[in-house]
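Participant:
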Amino acid sequence: MVSAPVISVRDLGLTFPGKKGAEPIDVLRSINLEITTGEFVCIVGPSGCGKTTFLNIVTGFLRQSTGEVLVQGAPVKGPDPRRIFVFQENGVFPWLTVEQNIAFGIARCPSKEQREIVRRYVRMVGLTGFEKAYPRELSGGMRQRVEIARALAPDPEIIYMDEPFGALDFITRLKMRADLTRIWEKEKKTILFVTHDIEESVQLADRVVVLSPRPGSVRKQVKIDLPRPRDLDSPEYLELRDEIFHTIGMSLRVGAGEEMSAIFP
Amino acid sequence: MKKGILLPLAVLLAVCFLWDRAVLLSRSDIFPTPYQVLLGIVELIQHGLLLKYVVASLFRVSVGFVLAVLIGVPVGLLLGWFKPAFLALNPLIQLLRPISPIAWIPIAILWFKVDDRAPIFLIFLSSLFPITVATIAAVQNIQPVYVRAAQNFGVTRVDLFRRVIFPACLPQIITSLRISLGIAWLVVVAAEMIAVNSGLGYLIIDARNAGKRYDLVVAGMLMIGLIGLILDLLVRSLERFEQVRWGYSQRG
Ligand SMILES: Nc1ncnc2c1ncn2[C@@H]1O[C@H](COP(=O)(O)OP(=O)(O)OP(=O)(O)O)[C@@H](O)[C@H]1O
Ligand SMILES: [Mg+2]
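Those protein sequence lines, which keep their order, are chains D and P. Per our numbering, residue 4 is the first one in the first sequence, and the count goes up by one each step. Per our numbering, residue 2 is the first one in the second sequence, and the count goes up by one each step.
Below, the structure is given as structure tokens:
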């Protein structure tokens, strides 16, 4: 690819000041990363390695301690409607209906256009018939789709997703991955997707960035050059998946010999 | 459905029966039987007093309560959001809050003499603190993810309050309205016993002082209970709106 990076992270580090008396916590250490326009990048890493923290800095919800983040050519100053965050804990507003939620970010559009956009994304995420429903009447997967539609509606250039499918059951997760891939191919957004599920990252991404345990830094980047929809039985797929598992495994062995499942659920 | 009405009705009848027996057995000529209370209510209606006093009490409660809502909710939203304002005002609120509205009666009479403004002021005070404090707590406990999502979409500060903070707090605000309206109804009766000469509270104290008419005393008490129940049902019906139902755990 020849296009300039839309996100470029240079030598990023973050240290949380410790609570009274306690040591400060190093969460991220010298992260370097470049992401090009339209790319689908997955970040994987063990729980607590700083993935959410990293996304919060790139979005502008949190300030880094060292280094810089340039998004669309400028240092990040704060949250921006051109770049929408899909939260790990579902952020759909329970006091609004599905269509009101999706319309939340486009309140300034004329109402005719608004209706048009809402209808389009309701259809895209497969919620036709549920426009007037409230989130408490929906399943977890449906609620997650509302949030994705809400993020897409203002036509952002970048979407940040923090384990958006983490709380869903296995089958729903598979379906959501297929849906997201389809939407991404159609909408051509840049997506930065955080997960701790290696299979998920290999199924979705153009490139997988593997973070080390805390303090998080880039351990390895793996390009996933497989055609979509992806064949989960193909030797190429399995090879890439195992390569990432291996990377994580090595990083675990360097640790204090803890159970793999304890650190990597 | 039928069982849900039959059982309470049976209990009510049984209580009336026991009450009646007890009065007869004690040979009291002051304490009324249920039948005498019923006659008392009819008498009050015939003289047009019941309606007049109910309206007087409801008027005071509505004005005081609405004023408290109009001030308490916005103040609570702002204090909950702006930390310095909260730190500055919270000690004062916490100091004034435990003072029973009844303790304000002498001051209310001093300021407003014996007219409607005194009980209205007391109702206002009694509702203001629960509403303000509950609204502050609701804002402070709002899920951060809602605020962040809204900020991400680039809402203005006014819109943040209007479209996110207020609706997110509404379920808890409504609960506080229910509690404070209950208190207001308790307070208006007490205030009317002292600070004015109309209303259900006045009816009770006047019926006793002017001729030991205990049938009217109990009639007044029953009216207070009945209207209090209706007020509670009214506020409770707010909890059924779809915009707030998410805020109450699955009951019913
Ligand atoms: N506000 C904070 N103050 C202090 N430490 C924090 C704060 N937020 C996060 N941390 C610490 O930073 C580390 C990284 O947290 P983060 O939420 O980024 O992890 P994560 O990789 O997203 O984990 P998960 O996969 O479980 O979501 C954790 O060890 C956590 O204890
Ligand atoms: Mg996280």
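Positions of the beta carbon are idealized from the N, C-alpha and C atoms, including for glycine. Treat the numbers as computed from the prediction; the structure is a model and nothing was measured.
What three-state label does DSSP hand isoleucine 100(P) in the structure shown?
Facilitator: coil
Participant: Quick check on DSSP: helix, strand or coil for glutamine 67(D)?
Facilitator: coil
Participant: Along chain D, in chain order, which residues have C-beta atoms closer than 7 Å to that of glutamate 243(P)?
Facilitator: Tyr137
Participant: Residue ranges of each beta strand (DSSP E) run of no fewer than 3 residues wholly in the region 39-87 of chain D, ordered along the chain?
Facilitator: 43-47, 69-74
Participant: Please name the residue in Met224(P), Leu235(P), Ser250(P) whose C-alpha comes closest to that of valine 38(P).
Facilitator: Met224(P)
Participant: Return the chain-ordered list of same chain residues with a C-beta closer than 6 Å to the C-beta of leucine 73(D), the five sequence neighbours on each side being excluded.
Facilitator: Ser11
Participant: At a cut-off of 8 Å, is aspartate 200(D) close to ligand 2 when judged by its beta-carbon and the heavy atoms of the ligand?
Facilitator: no
Participant: Taking a Cβ distance cut-off of 8 Å, strictly less, list which residues of the region 165-190 of chain D are near chain P, in chain order.
Facilitator: none
Participant: Out of Thr34(P), Ile180(P), Tyr147(P), which one is the CA nearest neighbour of isoleucine 166(P)?
Facilitator: When each option's Cα is compared against that of isoleucine 166(P), the closest is Tyr147(P).
Participant: Are the region 97-107 of chain D and the region 123-140 of chain D in contact at 8 Å, needing three or more beta carbon pairs?
Facilitator: yes
Participant: Along the chain, where does the alpha helix (DSSP H) that runs through phenylalanine 173(D) open and close?
Facilitator: Bounds of the alpha helix (DSSP H) holding phenylalanine 173(D) are 173-190.
Participant: Around the Cβ of glutamine 174(D), are there at least 16 other Cβ atoms within 10 angstroms (buried) or fewer (exposed)?
Facilitator: Here residue 174(D) turns out to be isoleucine, not glutamine, going by the sequence shown. Its Cβ having fewer than 16 others within 10 Å, isoleucine 174(D) is exposed.
Participant: Could one say the Cβ of arginine 158(P) lies closer than 9 Å to chain D's Cβ atoms, at least one of them?
Facilitator: no
Participant: Using the Cα positions of leucine 234(P) and glutamine 144(P), report the straight-line distance between them to the nearest angstrom.
Facilitator: 29 Å
Participant: Count the other C-beta atoms from every protein chain shown that fall within 10 angstroms of the C-beta of valine 1(P), then say buried if there are 16 or more, exposed otherwise.
Facilitator: The first residue shown for chain P is 2 and the last is 253, placing residue 1(P) beyond what the model contains.
Participant: Can you find a C-beta in chain D that's less than 9 Å from the C-beta of tryptophan 186(P)?
Facilitator: no
Participant: Ligand 4 and aspartate 209(D): does any heavy atom of the ligand fall closer than 8 Å to the residue's C-beta?
Facilitator: Ligand 4 is not among the ligands present in this structure, which contains only ligand 1 and ligand 2.
Participant: By alpha-carbon positions, which one of Ser33(D), Ser220(D), Asp165(D) ends up nearest to valine 197(D)?
Facilitator: Asp165(D)
Participant: Please name the residue or residues paired with glutamate 102(D) in a DSSP beta bridge.
Facilitator: Paired residues: none, contrary to the question.
Participant: Give the single residue among Ala191(P), Val67(P), Gln244(P) whose Cα lies nearest to the Cα of glycine 221(P).
Facilitator: Ala191(P)
Participant: What residue range is occupied by the uninterrupted beta strand (DSSP E) comprising glycine 219(D)?
Facilitator: Segment: none, glycine 219(D) is in no beta strand (DSSP E) and carries neither H nor E.
Participant: Contact defined as beta carbons within less than 8 Å: I believe alanine 208(D) pairs with cysteine 45(D). What is the distance between those atoms, to the nearest angstrom?
Facilitator: 4 Å
Participant: DSSP puts tyrosine 163(D) in a beta bridge; with which residues?
Facilitator: Phe88(D), Leu195(D)
Participant: In chain P, what lies closer than 7 Å to glutamate 92(D) by C-beta?
Facilitator: Near glutamate 92(D) (Cβ distances below 7 Å), the residues of chain P are Val146.
Participant: For threonine 62(D), would you say it is in contact with chain P, using Cβ-to-Cβ distances shorter than 9 Å as the test?
Facilitator: yes
Participant: If you draw a straight line from the alpha carbon of proline 1(P) to that of leucine 141(D), how long is it in whole angstroms?
Facilitator: Since the first residue shown for chain P is 2 and the last is 253, residue 1(P) is missing from the structure and cannot be characterised.
Participant: Should valine 43(P) and proline 33(P) be called a contact, given that it needs their Cβ atoms to be closer than 9 Å?
Facilitator: no
Participant: Could you tell me whether the Cβ of alanine 152(D) comes closer than 9 Å to any Cβ of chain P?
Facilitator: no
Participant: In chain D, what lies closer than 9 Å to glycine 200(P) by C-beta?
Facilitator: In chain order: nothing, as chain D lies at least about 38 Å away.
Participant: Would a check of beta-carbon distances place glycine 155(P) closer than 9 Å to chain D?
Facilitator: yes
Participant: What residue range is occupied by the uninterrupted alpha helix (DSSP H) comprising arginine 13(D)?
Facilitator: Per DSSP, arginine 13(D) belongs to no alpha helix (DSSP H); it is in the beta strand (DSSP E), 8-19.
Participant: According to DSSP, simplified to helix, strand and coil, what is valine 16(P)?
Facilitator: helix
Participant: Can you pull every residue whose C-beta falls closer than 7 Å to some heavy atom of ligand 2, listed in chain order?
Facilitator: In chain order, the qualifying residues are Lys54(D), Thr55(D), Gln91(D), Asp165(D), Glu166(D), Val197(D).
Participant: For the beta strand (DSSP E) containing leucine 182(P), list its first residue and its last residue.
Facilitator: In this chain, leucine 182(P) is not harboured by any beta strand (DSSP E); it is covered by the alpha helix (DSSP H) spanning 167-195.
Participant: Residues in the region 95-111 of chain P with C-beta within 7 Å of chain D's C-beta atoms, listed in sequence order?
Facilitator: None of the residues of the region 95-111 of chain P has a beta carbon lying less than 7 Å from any beta carbon of chain D.
Participant: Where asparagine 93(D) and aspartate 116(P) are concerned, what is the direct C-alpha to C-alpha distance, given to the nearest angstrom?
Facilitator: 54 Å
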